[in-house]
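Numbering (this note's numbering), first residue to last: 155 to 285. Virtual Cβ for every residue (Gly too), placed ideally from N, Cα, C.
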């Protein structure tokens with residue numbers, strides 16, 4: 155916890171030619187506990203000139219908006235929020251674009267259709283052996 159070195163590491167990565175970094179707002183010691191510190195992401199953003207993607211506790215369009223505001227990040231990345239709610243990233247993207255997203259499928263049939271479409275897309279992308 156005492157060695158928060160993300161800004162230094164991001165600067166070194168940039169100097170080595172990296173064109174973008176993703177930063178999680180939790181430390182390794184926190185693992186899945188506690189809250190993401192979006193100000194820590196802001197310190198990385200201040201240290202580099204390349205795009206910074208913020209991650210950690212991004213579960214809704216509202217939270218994505220707050221993380222972008224508090225961190226100054228160029229984008230957000232959704233992680234565990236996808237488990238059981240694969241539509242979260244789409245909701246965030248449409249909100250960021252200023253368009254409406256219904257979010258959670260409203261009926262069991264809509265959810266079923268969503269899951270089947272996702273499965274078919276995975277098969278189309280990866281094939282039957284890996285999909």
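Quickly, what does DSSP pair residue i with across the bridge? List them, please.
i, result
"residue 231", "209"
"residue 178", "209"
Under 8 Å between the Cβ atoms of residue i and residue j?
i, j, result
"residue 232", "residue 242", "yes"
"residue 177", "residue 201", "no"
"residue 179", "residue 209", "yes"
"residue 194", "residue 158", "yes"
"residue 164", "residue 198", "yes"
"residue 246", "residue 205", "no"
Which word fits residue i, buried or exposed, when buried means at least 16 other C-beta atoms lie within 10 angstroms of its C-beta?
i, result
"residue 189", "exposed"
"residue 196", "buried"
"residue 162", "exposed"
"residue 278", "exposed"
"residue 217", "buried"
"residue 267", "exposed"
"residue 211", "buried"
Within 8 Å (strictly less), CB to CB, does residue i reach chain D?
i, result
"residue 190", "Although the question refers to chain D, the structure presented lacks it and comprises just one protein chain."
Requested in this report: Say whether the segment 225 to 233 touches the segment 156 to 173, bearing in mind that this needs 3 or more beta-carbon pairs closer than 8 Å, one atom from each stretch.
Outcome: Too few Cβ pairs lie closer than 8 Å, so no.
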